[in-house]
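Worksheet for the structure shown next.
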Amino acid sequence: MFLEYEHFNYIIKLLHQLQVSSQEIDTVLNIKCRFQEMHFKSNWLFDFNLVMAEIQHCKEKNDWAKLGALYVNARTACEHSDDLQKLSLCITEILTKDSEKDRPGVPFCDFADAVIKNSQCNEADRIFIGRAGISVMNSYRRVLQWIKGRKVLDKLQELQIHFTVLKGLIGSERLASRCQIVNTAAEIFLETESLDGAIRVLRESEWITNAALWPCSESDIISRHNLLFSLMHKYLRQSCYRQAFEVLQNLPGFQNGCDTVDVSQYSHVFNKLLNACFESKNLGVLSSAVDFMLSKNIAVDFFLLRGLITGLGRSCLWSKARTYYKTALSLGCYPPLEGNLRHKILPIPFYVSEVEMLLAIELFLVSNASDIQSPGATTQSFQIVLKRGLITGLGRSCLWSKARTYYKTALSLGCYPPLEGNLRHKILPIPFYVSEVEMLLAIELFLVSNASDIQSPGATTQSFQIVLKRCEDQAVKNSSDYQAGRERLILAARLSDPKLFLRHMTVNVNMEEVYSLELTSALKWLKENMKWAGKVWLFQ
222 MFLEYEHFNY IIKLLHQLQV SSQEIDTVLN IKCRFQEMHF KSNWLFDFNL
272 VMAEIQHCKE KNDWAKLGAL YVNARTACEH SDDLQKLSLC ITEILTKDSE
322 KDRPGVPFCD FADAVIKNSQ CNEADRIFIG RAGISVMNSY RRVLQWIKGR
372 KVLDKLQELQ IHFTVLKGLI GSERLASRCQ IVNTAAEIFL ETESLDGAIR
422 VLRESEWITN AALWPCSESD IISRHNLLFS LMHKYLRQSC YRQAFEVLQN
472 LPGFQNGCDT VDVSQYSHVF NKLLNACFES KNLGVLSSAV DFMLSKNIAV
522 DFFLLRGLIT GLGRSCLWSK ARTYYKTALS LGCYPPLEGN LRHKILPIPF
572 YVSEVEMLLA IELFLVSNAS DIQSPGATTQ SFQIVLKRGL ITGLGRSCLW
622 SKARTYYKTA LSLGCYPPLE GNLRHKILPI PFYVSEVEML LAIELFLVSN
672 ASDIQSPGAT TQSFQIVLKR CEDQAVKNSS DYQAGRERLI LAARLSDPKL
722 FLRHMTVNVN MEEVYSLELT SALKWLKENM KWAGKVWLFQ
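When the letters of the sequence shown are read in order and numbered with our numbering, they come out as residues 222 to 761.
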């Protein structure tokens with residue numbers, strides 16, 4: 222025999238006849254109410270049509286908490302997995318439809334809270350919330366409702382649901398790669414200015430892109446590439462250099478399974494990080510980033526490598542400075558020393574820092590130690606020569622062919638600011654501090670690159686400008702230095718054969734002199750020199 226609902230009425234009637242206390246009768250009444258609730262659930266939760274009707278009622282009333290409790294009760298009593306699957310899909314569809322409406326609140330959050338409250342930590346319910354959350358998150362992203370998407374992610378974080386190992390329940394999210402899901406979440410955090418949220422979700426996913434168990438498409442890789450570039454630039458603007466470096470270390474190509482990505486393409490963005498660290502004197506991140514770049518065969522800007530060496534020396538970190546100096550020597554950052562060392566002559570470029578000069582002298586001393594320590598050392602001469610710039614020296618010696626060759630090499634190595642983009646806009650920026658020889662070579666390249674426009678019938682209506690650039694990081698403290706640069710520019714134009722004529726136009730907002738190239742002199746120069754100049758300056 223089983224206890225039925227009707228039995229409670231008989232029990233209560235007997236208790237009244239026995240004149241028991243009202244407290245004892247209330248206890249039985251409470252049991253009756255709980256039994257009634259259980260009896261009601263056991264009857265309707267197995268009725269799929271009734272459950273679906275209740276779901277629609279919750280939707281119409283926007284009662285998302287009740288919908289959560291309804292789901293838990295239905296999931297507990299449902300005997301058929303197909304019915305549970307239909308139920309889950311139906312609820313997810315309803316929650317994602319909110320993205321089509323412009324109203325406050327995020328139904329998913331209230332629903333998720335109710336499920337967790339009523340489910341007693343059931344893992345199946347947590348998985349369902351995670352999968353539904355992915356679909357809801359994507360629905361908000363598609364219509365650019367970033368704030369609502371962020372609230373979904375915050376709720377998943379609050380409930381400690383690791384959604385990045387799950388897939389969505391409906392739509393394309395059912396087949397989405399883990400890389401794509403992480404990209405979407407990180408993008409939402411970025412769009413809502415939460416760098417911590419973006420990097421957290423990337424770290425939790427171990428920066429995964431492509432893996433055997435989680436294959437992704439080329440478009441996913443491109444999206445991750447663009448996402449990390451955006452994140453890195455935001456960290457740089459906030460002077461968070463270590464986080465920016467962490468982001469760059471996890472670009473596509475540095476993980477297993479991304480061997481097809483050519484990491485050499487990242488040279489520019491890594492050097493941008495180096496430059497930011499150099500300007501802020503953050504030697505720790507600067508040295509770590511240089512180490513990483515060298516280990517991955519990514520080209521390091523020689524100017525920044527030299528800056529690291531100088532900074533380490535000035536901070537009395539001589540051991541590290543010597544290590545990087547040896548590396549810089551092997552990379553060709555400085556003129557080769559071997560032949561000169563054997564002749565007991567040390568050439569030191571005039572432009573290097575006192576730290577670099579000292580390290581060169583140390584190497585010179587060690588290389589000549591046996592001769593210096595020999596009994597006849599007093600009769601020998603060990604010379605140090607402070608060298609002028611090679612390119613400038615060749616030009617001033619009228620060895621223009623060699624000067625042009627070395628200038629092209631120096632351009633390719635990044636010794637000068639890049640010109641390509643400016644050349645297309647018919648603007649030639651020339652740093653004020655370079656010599657008249659380097660200025661003339663830059664003008665030659667400018668002329669040849671714009672030859673077709675200069676020689677065209679409509680050239681008279683065009684302006685070909687030369688801007689004498691100040692330093693980007695600081696204003697020139699001594700105005701005479703900039704004045705000397707202006708004089709060198711005029712001298713460079715006069716050195717040309719035939720002479721070029723520059724006309725002063727204006728001073729720009731950066732207090733930089735702007736000149737226009739006189740068209741007649743440019744045409745004459747091209748006519749007389751284009752035959753050889755085209756071969757020299759037109760890079761392949």
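We treat Cβ as the ideally placed atom computed from N, Cα and C, and that holds for glycine.
For the beta strand (DSSP E) assignment, the uninterrupted runs of no fewer than 3 residues enclosed by the stretch 721-752 are, from N- to C-terminal side, 723-728, 734-738. The beta carbons of His383 and Glu425 sit closer together than 8 angstroms. Taken in chain order, the complete beta strand (DSSP E) segments of 3 or more residues contained in the stretch 343-371 number zero; there are none. Looking from the CA of Ile276, the closest CA among Thr297, Ile252, Leu316 belongs to Leu316.
Under the three-state reduction of DSSP output, Ile687 falls in the strand class. Ile651 sits close to Leu689, with the two beta carbons spaced by under 8 angstroms. With a threshold of 16 other beta carbon atoms within 10 Å, Val655 meets it and is buried. Out of Lys376, Pro596, Tyr555, Ser591, the CA that lies nearest to the CA of Ala581 is found in Tyr555. Assigned with DSSP and collapsed to three states, Pro638 falls in coil, not helix or strand. Under DSSP, Pro650 takes part in a beta bridge, and its partners are Val688. In the three-state reduction of the DSSP assignment, Ile530 falls in the helix class. Within its own chain, the residues whose Cβ lies closer than 7 angstroms to the Cβ of Trp367, once the five positions on either side in sequence are excluded, are Ile409, Glu412, Thr413, listed in chain order.
Remark: three or more beta-carbon pairs, one from each stretch, lie closer than 8 angstroms, so the stretch 514-529 and the stretch 539-549 are flagged as touching. Judged by DSSP secondary structure, Ile566 falls outside any alpha helix (DSSP H) and instead within the beta strand (DSSP E) spanning 566-570.
Ranked by how close their Cα comes to the Cα of Leu469, the residues Pro436, Gln401, Met514 have Met514 in first place. In the three-state DSSP reduction, Gln604 falls in the strand class (E or B). By the Cβ rule, the stretch 414-423 does not count as touching the stretch 386-395, because fewer than three pairs are nearer than 8 angstroms. Around the beta carbon of Thr531, a 10 Å sphere encloses 16 or more other beta carbons of the protein chains shown; the residue is thus reported as buried.
The alpha helix (DSSP H) runs of length 4 or more contained entirely in the stretch 530-556 are, from start to end of the chain, 539-552. In the same chain as Phe349, and ignoring 5 residues on each side of it, the C-beta atoms closer than 7 angstroms to its own belong to Ser309, in chain order. According to the DSSP assignment, Asn404 belongs to the alpha helix (DSSP H) that extends over 399-412.
The Cβ atoms of Gly289 and Phe332 lie closer than 8 angstroms to each other. With respect to the C-alpha of Leu377, the residue from Asn671, Gly354, Glu577 having the closest C-alpha is Gly354.
Of the residues assessed, Arg399 falls on the buried side of the cut-off, its CB having 16 or more other CB atoms within 10 angstroms. For Cys330, the enclosing alpha helix (DSSP H) covers residues 328-340.
Boundaries of the alpha helix (DSSP H) around Trp285: 285-298. In the structure shown, Asn492 falls within a helical segment according to DSSP collapsed to helix, strand and coil.
DSSP, reduced to helix, strand and coil, places Arg707 within a helical segment of the structure shown. In this structure, Ile687 sits away from Leu740, with a CB-CB distance that is not shorter than 8 angstroms.
In the DSSP assignment, Leu449 falls within the unbroken alpha helix (DSSP H) covering 439-458. Contact between Val327 and Lys372 is confirmed by a C-beta separation of about 5 angstroms, below the 8 angstroms threshold. Around the beta-carbon of Ser673, fewer than 16 other beta-carbon atoms lie within 10 Å, marking it exposed. For Glu425, the three-state secondary structure derived from DSSP is helix.
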